[in-house]
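Trainee: Starting off with a structure, shown below.
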Amino acid sequence: MTDSIVEPFLKGNTGRNTRGILRLSILCLIAAAAIASRLFSVILDPWFNFRATKYLVANGFYDFWDWFDDRTWHPLGRVTGGTLYPGLMVTSGAIYHALRALTIPVDIRNICVLLAPGFSGLTAFATYLFTNEMSTSPSAGLLAAAFMGIAPGYISRSVAGSYDNEAIAIFLLVFTFYLWIKALKLGSAMWGALCALFYGYMVSAWGGYVFITNLIPLHVFVLVCMGRFSPRLYVSYCTWYSLGTLASMQIPFVGFLPIRSSEHMSALGVFGLLQLIGFVEFVRSGVPSKQFTTLLRGFVLAVFTIAFGGLVLLTVSGVIAPWTGRFYSLWDTGYAKIHIPIIASVSEHQPTAWPAFFFDLNLLIWLFPAGVYLCFLKLADEQVFVVVYAILASYFSGVMVRLMLTLTPIVCVAAALVLSHLLDTYLTMTSPDAPAEGASDATNGAAKKAIKQDGLRSMRSPLVGIYTTFSKGSVVSALTAYLLLFVLHCTWVTSNAYSSPSVVLASRMPDGSQHIIDDYREAYQWLRQNTKTDAKIMSWWDYGYQIGGMADRPTLVDNNTWNNTHIATVGKAMSSSEEVSYPIMRQHEVDYVLVVFGGLLGYSGDDINKFLWMVRIAEGIWPDEVKERDFFTERGEYRVDGGATETMKNSLMYKMSYYNYHTMFPAGQCQDRVRGVKMPDQGPVLNTLDEAFTSENWIIRIYKVKDLDNVGRNHTAAASFERGNKKKKTTKRRGPKVLRVE
Amino acid sequence: MRWILSFLLLAFLATVQAVSSAGYKLLVVLEELADKSKYSKYLGDLEARGFSISYESPKSDKVALFTLGERAWDHVLILPPKAKGLGPLLTPKLLLDFINAGGNILVALSASQPTPSGLISLLLELDIHIPTDRSALVIDHFNYDTLSAAEKHDVVLVPRPDAIRPDVKNFFKGDGKGGEAIAFPRPVAQTLGNASPLLTPLIRAPRSAYSYSPKDDVDSVEDPFAVGQQLSLITTMQARNSARFTVVGSSELLEDTWFDAKVKRSVGMNGAPAGNEFKTSNQAFAKEVTGWTFKETGVLKVGQIEHHLNETGSEIVSNPKIYRVKNNVSYSIELSEYSWDKWIPFTPPTGDIVQLEFSMLSPFHRLPLKVAETTLTSTIYTTSFKLPDQHGIFNFKVNYKRPFYTNVEEKNTVTVRHFAHDEWPRSWVITGAWPWIAGIGATVTGWVAFVGLWLWSKPVPLKGAKGGKKNL
Amino acid sequence: MRFSSLLPSALVLGAGIAEAASGWNFDEAIISVSAKGAAGAAGAFKDKLSDHVPLSKPVTLGQTETLKIILTATENGEPKRPHQAFLLLRDQDTGLEETFPLQTKESGKGKVDFATLKSQKDLPIQLLTSSQPLRATLLLASFGSTQAFANHVFNLDIQTDPNVAKPKYEKPLRYGQLGEINHIFKADPKSGPVIISLLFTVAVVAAVPILFGSWVLLGANLSHLPKATAAAPVSHSLFFSSILGMEGIFFLYYYNWSLFEMLPVAGVIGLVTFLSGSKALSEVQSRRLAGER
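Chains as they are written, first to last, in the UniProt record's numbering: chain A, 1 to 742; chain B, 1 to 472; chain C, 1 to 293.
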């Protein structure tokens with residue numbers, strides 16, 4: 001038997017070491033696979049984080065803390081240090097300085113690019129640790145780590161160059177949960193403190209920390225409701241809450257939110273509840289009277305109700321900030337569209353389409369319920385956590401595409417639990433001995449009795465093994481095939497869907513060769529080389545970070561959407577007529593306007609398709625001046641061709657998109673390939689802007705804002721004169737006569 | 001030898017610079033060079049002031065305003081041509097481009113020679129209107145020269161103009177004694193649109209004047225083109241780039257004849273009896289108008305602009321890029337005015353002040369600048385103020401635009417940042433924080449004492465039911 | 001401008017009389033104001049104009065009314081048609097003036113009638129919004145040497161209908177001095193009354209002696225100190241002093257240290273605390289196991 005050779009390595013102390021080494025090397029391989037699968041293409045994005053990191057590295061921590069960025073949100077500027085989660089930049093900066101200290105010269109950009117893949121390796125490890133707390137089978141952890149390493153749902157946010165908060169946040173999320181489970185299991189203040197520490201790190205890194213802030217209290221609350229209050233729970237939760245809240249308050253962007261905003265109130269409430277219960281338990285242990293116990297229960301209930309009422313009262317009166325719009329949109333997917341169009345306009349905030357689940361998680365998604373079911377079977381404290389997490393994350397991921405990210409870890413864990421359970425059952429080399437006749441009879445007899453007594457009796461004495469090699473073989477090979485398919489799927493998805501950066505578009509030529517459309521970088525390069533360094537660029541906020549990073553020019557608005565009014569101002573300028581837009585642009589000292597136009601190429605993510613969001617956001621602030629209805633025809637169509645409404649045709653965005661577009665086509669054949677409509681032969685007229693640059697495929701069009709006319713005419717008159725039209729001599733007077741005054 | 005050459009060049013440059021702040025190259029457009037003699041005194045004055053004059057016919061090739069895309073002349077004087085048009089090198093668009101390129105233009109109109117249509121459309125672009133009937137002229141039955149126009153009343157005598165507003169400097173008042181008169185023989189009326197602040201009527205017709213066309217042989221005017229003070233005889237337009245454009249209603253005003261002519265006032269509207277004969281002030285007035293148009297007067301220059309932190313204990317760094325909210329800041333600007341041949345300190349006319357704006361989107365501060373120092377050639381204006389409690393990208397802006405002065409629009413951008421984390425008052429200064437600081441102190445004391453007790457306290461025997469707290 | 005041109009017109013009065021005999025003048029001037037569509041209706045205003053004295057009362061012109069002047073111009077006493085027959089209306093606030101040429105009609109016998117129709121619609125917007133009555137001057141003049149006529153004949157009071165919105169007149173942009181602006185600062189945040197702060201501070205500080213007192217009351221002591229120092233002198237002293245030191249570091253961080261000054265020192269002290277603490281605490285444990293605690 002081959003077993004005999006490896007036998008010594010698998011038994012006793014040596015065996016433990018061997019397994020340890022084996023596990024370690026498997027984990028290393030998983031981490032390597034996780035990193036490798038994220039290296040399909042490397043384009044740094046978002047640029048803002050990179051810029052911030054560079055600033056941190058160049059100017060040091062305290063300057064970064066107090067950084068006032070005067071190149072974004074012109075002319076307001078951005079108190080960057082106080083409006084970002086610094087965790088990502090500080091992490092990169094720390095790695096950079098650590099490597100420098102080890103005399104490894106490395107460019108900060110390389111750290112930024114490789115941070116996300118690097119941390120995905122750590123995430124895999126954290127998932128391994130987390131899963132090990134859930135299952136006694138060591139294979140579960142390894143499987144979960146492997147899943148986590150290559151699940152597309154996570155890769156989507158952590159490919160090389162994807163230098164966003166999520167890059168490190170998912171690791172912190174999983175690791176914080178692991179520490180929480182550890183603390184809860186051991187009832188240890190130390191683990192609780194560690195958990196709080198990593199929670200603080202998480203707060204510094206990603207706004208999604210609120211998920212932890214609510215999930216842990218919910219877990220505790222469920223445990224308390226199940227009657228599982230214990231000193232372990234008390235110690236671990238109180239340690240975590242008090243230290244974690246203090247830690248989170250150190251981040252300027254968070255500040256006093258943990259005690260002022262509704263999102264954090266559940267944690268505070270559970271903290272209070274635990275004190276109450278702890279107190280009652282203490283009193284009860286001293287006073288063993290049944291009536292008194294009932295009285296205490298009532299007391300707890302009363303205090304809880306009063307506290308809850310007080311909370312509501314404070315929220316209504318405004319002392320505690322009411323739920324933010326983003327939070328409401330988690331419960332009502334239609335809410336954002338009506339009240340906070342700026343949130344709804346982000347594609348990541350759209351409800352998830354069903355295929356996305358399968359696309360991002362593949363076989364894991366159908367193993368997931370089985371994993372949750374397995375947790376129900378055991379239902380220790382930590383399994384309750386998995387169940388609570390699964391339910392909450394499933395809901396949220398259905399509401400927002402972005403939150404798929406928080407679902408992925410638990411899906412990996414649950415699926416790994418199932419698979420390890422299955423494999424543990426089916427991969428046992430030795431078939432169990434056939435049960436003795438008598439025993440079998442006894443079992444049968446017992447079973448017969450059980451059928452009479454209780455239908456589920458058979459579950460009480462579970463099967464002890466699989467007997468036939470065939471069933472073992474078939475199940476195992478099927479599972480192997482599934483796993484291989486999963487790997488295949490992950491690789492495919494990663495290379496095709498998640499590794500194409502937004503700034504470079506790829507298309508297939510008729511002969512199958514790949515054609516790279518590089519208009520964005522072309523345009524940003526143009527801006528960098530042909531405009532003054534302080535030329536202000538107005539564009540829709542989607543391109544703010546890219547312009548700031550790649551073109552190094554100040555922008556009016558960018559992807560950090562903290563100031564709705566300012567974004568609405570840009571929306572108004574885009575959706576109003578030139579006469580209205582021009583003063584706005586002058587006031588904001590705009591030098592160039594950048595629009596994205598996909599009509600020639602059929603690039604659907606262009607500004608005309610986003611235009612209604614601009615209108616809606618502007619309408620939210622100026623309901624009298626910008627009206628969404630005016631952009632729809634009588635019959636309620638959103639048209640850009642000859643049948644477009646006058647408001648649409650006069651809007652700056654429309655004019656900038658289609659200016660001179662008809663000259664590309666022979667008469668009568670002008671076509672917009674995105675909207676699939678025929679455009680009129682007469683293009684719009686621009687009076688206040690000059691076309692400055694149009695990229696190769698017309699995706700980016702840049703316009704220069706004209707100065708005021710030198711001799712005091714309005715722009716329409718001046719442009720008309722430029723075109724060679726003579727001014728009408730007899731201008732008929734309208735209204736009462738006006739005398740010239742000085 | 002070389003040094004002599006360079007010395008000569010230097011001397012030449014010095015004389016050149018003495019002429020106008022905007023250069024010496026003057027193009028005079030007149031149809032027949034023979035007409036030059038009519039304006040000999042006027043042109044002689046110009047030459048004496050250092051202008052180098054080229055005379056070209058509008059039809060000539062050399063009249064081009066631009067050579068190789070660069071402005072070929074600094075100033076252009078267009079005397080009324082006989083032909084109906086100005087030719088292809090002086091189209092309204094080219095003239096406008098010339099203004100946009102910073103060139104100054106003086107146009108003289110004449111009722112006897114119809115204004116070219118190109119000029120008319122240029123004037124229309126500038127919102128200056130002249131009668132559609134090209135022979136229309138301005139007459140005044142109350143202010144005419146009884147010597148030369150006793151019957152026709154078409155030589156209008158106008159006193160030196162008053163300032164158009166009390167707070168605007170008057171460059172055209174002569175020695176300011178009054179009693180002078182400028183003769184406008186057969187002027188062409190102009191009216192101005194009300195919208196543009198760039199237009200200014202330099203001299204307006206008397207109340208009783210009106211424009212009519214001698215061709216319409218009617219006994220009585222019923223629908224005159226313009227009347228009274230709405231009627232401008234000389235109109236100026238100063239573009240945003242400070243290029244100047246002047247329309248003189250009567251070209252004869254500049255002729256030698258009227259420089260020397262003696263005139264006698266008619267009975268005025270107030271019934272004042274006709275006075276004695278006296279010489280016109282045309283020559284002096286023409287010099288003032290031309291000098292202004294060709295930027296010999298009313299030109300402002302910004303010297304040094306400086307702003308710095310004005311806090312006690314801070315070292316002075318000139319023109320920093322960044323300030324903090326609520327910083328005290330000083331700003332100063334040096335202004336000079338060009339007066340005929342030299343730079344002199346600029347002082348705004350009484351009733352007017354230079355103002356500084358500190359603005360982001362809209363002004364947060366608009367403060368008067370005070371004279372800090374006067375040098376030989378400039379005045380230094382300064383002010384100090386506290387930056388607003390709003391962070392952002394702000395501009396120090398001096399936007400001094402006044403009629404007849406070139407535009408001063410100076411924008412210096414600075415960033416105003418928020419308080420850094422260590423610039424707030426420390427917590428011990430804030431009285432409200434004392435209980436909390438005391439709380440920290442109490443906790444620390446308690447903790448240290450507790451550690452000591454934990455390490456070294458000996459249990460005491462229980463007293464009664466309650467035990468010692470360290471009885472764990 | 002406005003002052004200089006106001007003055008001559010004030011002088012018109014006296015001069016007009018002197019020149020009345022020769023030169024241009026008028027006869028039988030009748031001014032009438034009638035409502036639209038009801039010409040000559042009762043209540044319509046009608047008066048005779050004098051060539052040297054303005055009407056004592058201002059003529060009022062309502063929203064829908066029409067002003068009409070009929071006169072016969074004369075040159076040296078003979079009726080004749082002048083080339084210039086203007087009615088000047090001056091806004092006395094601003095000195096702005098608008099001129100209305102009179103329509104002249106030749107009638108028989110060399111007599112000339114002038115008529116003018118004027119309603120508020122014909123007036124420039126700036127005059128409509130004037131606060132004072134408009135000053136009306138009549139000009140009669142022609143070529144040649146005949147003395148022209150110019151005299152203040154009446155005042156015109158424009159009455160606007162309060163029910164109808166006044167025409168809006170926005171002053172056009174003219175360059176000049178602008179109003180001063182001073183930024184209004186937000187009020188600085190203020191602490192509450194000092195006395196209350198002090199009260200609470202005292203209360204908080206008082207908690208320390210109370211705590212110590214109650215500990216003493218409960219029998220707290222340091223009797224094991226010699227024993228402990230004898231058993232593990234180094235670790236006990238290090239442990240306690242490192243805890244004190246840590247508090248000192250916290251104080252320095254609060255006072256003026258930066259994070260990067262504080263972290264390394266805190267790390268060293270923390271290590272000392274950890275190492276000495278485990279020794280010291282196991283000594284404490286050994287005492288507990290020995291039943292001494």
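For each residue, glycine too, the CB sits at the ideal point set by N, CA and C. Here the structure is a predicted model, which is why all the values come from computation and not from measurement.
For His-365(B), report the span of its alpha helix (DSSP H) as first-last.
Mentor: Run containing His-365(B): none in the alpha helix (DSSP H); it sits in the beta strand (DSSP E), 362-368.
Trainee: Can you round the beta-carbon distance between Gly-118(B) and Pro-80(B) to whole angstroms, since I take them to be within the 8 Å contact cut?
Mentor: Contact flag wrong, Cβ pair sits at about 12 Å.
Trainee: Just confirm the distance between the C-beta atoms of Leu-71(C) and Phe-100(C), as a whole number of angstroms; I'd bet it's less than 8 Å.
Mentor: Not confirmed; about 14 Å, so no contact.
Trainee: Find out if the Cβ-Cβ distance for the pair Ser-378(B), Ser-330(B) is shorter than 8 Å.
Mentor: no
Trainee: Out of curiosity, what's the CA-to-CA distance linking Leu-89(C) and Arg-135(C)?
Mentor: Leu-89(C) and Arg-135(C) have their C-alpha atoms some 5 Å from each other.
Trainee: Can you list, in chain order, the stretches of the alpha helix (DSSP H) that have 4 or more residues and sit fully within the segment 278-323 of chain B?
Mentor: 282-293
Trainee: If I follow the unbroken beta strand (DSSP E) through Ala-232(B), where does it start and stop?
Mentor: Checking the sequence shown, residue 232(B) turns out to be Ser, not Ala. Where Ser-232(B) is concerned, the enclosing beta strand (DSSP E) starts and stops at 232-238.
Trainee: Taking the C-alpha atoms as reference points, what is the distance between Val-26(B) and Ile-53(B)?
Mentor: Going by the sequence as given, residue 26(B) is Leu instead of Val. Roughly 5 Å separates the two Cα atoms.
Trainee: Mind listing which residues of the segment 219-234 of chain C have their C-beta closer than 7 Å to chain B's C-betas, in chain order?
Mentor: Gly-219, Ala-220, Asn-221, Leu-222, Ser-223, His-224, Leu-225 and Ala-228
Trainee: Classify residue 496(B) as helix, strand or coil using the three-state DSSP reduction.
Mentor: Lying outside 1 to 472, the shown extent of chain B, residue 496(B) is not represented and no answer is given.
Trainee: Are Leu-257(A) and Asn-165(A) touching if we call contact CB-CB under 8 Å?
Mentor: Contact flag unset, no.
Trainee: Can you tell me the Cα-Cα spacing of Leu-417(A) and Ala-196(A), whole angstroms?
Mentor: About 27 Å.
Trainee: Under 8 Å, Cβ to Cβ, is there at least one residue of chain B near Glu-742(A)?
Mentor: yes
Trainee: Run down chain B in chain order and give the residues with a C-beta less than 7 Å from the C-beta of Tyr-175(C).
Mentor: Against chain B, a Cβ distance below 7 Å from Tyr-175(C) picks out Pro-197, Lys-401, Arg-402 and Pro-403.
Trainee: Run down chain C in chain order and give the residues with a C-beta less than 7 Å from the C-beta of Gln-229(B).
Mentor: Around Gln-229(B), the beta-carbon contacts reaching into chain C at under 7 Å are Glu-97.
Trainee: Do you know how far the Cα of Ile-30(A) is from the Cα of Pro-117(A)?
Mentor: Taking the straight line from one Cα to the other gives about 12 Å.
Trainee: Quick check on the burial criterion: 16 or more other C-beta atoms within 10 angstroms. Buried or exposed for residue 745(A)?
Mentor: Outside the displayed span of chain A (1 to 742) sits residue 745(A), for which this structure offers no information.
Trainee: Kindly list, in the order they appear in chain C, the residues whose Cβ is closer than 9 Å to that of Val-738(A).
Mentor: Pro-124, Ile-125, Gln-126, Tyr-169 and Pro-172
Trainee: Does Val-460(B) get closer than 8 Å to chain C when you measure Cβ to Cβ?
Mentor: yes
Trainee: Is there a C-beta anywhere in chain C that falls below 8 Å from the one on residue 476(B)?
Mentor: This structure leaves residue 476(B) out entirely; chain B is present only between 1 and 472.
Trainee: Counting only Cβ-Cβ distances shorter than 7 Å, please list the residues of the segment 351-365 of chain B near chain C, keeping chain order.
Mentor: Those residues of the segment 351-365 of chain B placed with their C-beta closer than 7 Å to a C-beta in chain C are Asp-352, Ile-353, Gln-355, Pro-363, Phe-364 and His-365, ordered along the chain.
Trainee: Relative to the alpha-carbon of Tyr-255(C), which residue among Glu-47(B), Leu-30(B) and Pro-425(B) has its alpha-carbon at the smallest distance?
Mentor: Nearest C-alpha to Tyr-255(C): Pro-425(B).
Trainee: For Lys-41(B), which of helix, strand or coil comes out of DSSP?
Mentor: helix
Trainee: Following the continuous beta strand (DSSP E) through Asp-690(A), name the residue where it begins and the one where it ends.
Mentor: Counting along the chain, Asp-690(A) sits inside the beta strand (DSSP E) bounded by residues 689-694.
Trainee: Starting from Thr-294(A), follow the alpha helix (DSSP H) in both directions and report where the run begins and ends.
Mentor: 290-317
Trainee: Less than 8 Å between the C-beta atoms of His-219(A) and Val-411(A), yes or no?
Mentor: no
Trainee: Any beta-carbon of chain F closer than 8 Å to the one on Asn-25(C)?
Mentor: The structure shown contains no chain F; its protein chains are A, B and C.
Trainee: Work out the CA separation of Gly-272(A) and Ala-380(A) for me, nearest whole Å.
Mentor: 24 Å
Trainee: Check for me: the alpha helix (DSSP H) holding Ser-121(B) runs from which residue to which?
Mentor: First-last of the alpha helix (DSSP H) with Ser-121(B): 117-125.
Trainee: Using a cut-off of 7 Å between C-beta atoms, extract the partners of Val-205(C) located in chain B.
Mentor: Ala-438 and Ala-442
Trainee: For Lys-185(A), I'd like the list of residues in its chain whose CB is within less than 8 Å of its CB, leaving aside the five on either flank, ordered along the chain.
Mentor: Glu-133, Arg-232, Asp-381 and Glu-382
Trainee: Report yes or no: do the segment 587-597 of chain A and the segment 107-116 of chain A share at least 3 C-beta pairs separated by less than 8 Å?
Mentor: Counting C-beta pairs closer than 8 Å gives fewer than three between the segment 587-597 of chain A and the segment 107-116 of chain A, which falls short of the contact rule.
Trainee: With distances taken from CA atoms, which of Leu-505(A), Ala-247(A), Thr-425(A) and Asn-530(A) is nearest Tyr-479(A)?
Mentor: The amino acid occupying residue 479(A) in the given sequence is Leu; Tyr does not appear at that position. For the residues Leu-505(A), Ala-247(A), Thr-425(A) and Asn-530(A), the minimum Cα distance to Leu-479(A) belongs to Thr-425(A).
Trainee: With which residues is Ala-85(C) paired in a DSSP beta bridge?
Mentor: Leu-140(C)
Trainee: Could you please give the first and the last residue of the uninterrupted beta strand (DSSP E) stretch that includes Leu-137(B)?
Mentor: 137-139
Trainee: When you compare each of Leu-46(B), Ala-34(B), Asp-97(B) and Ala-48(B) to Leu-65(B) by their alpha carbons, which one comes out closest?
Mentor: Asp-97(B)
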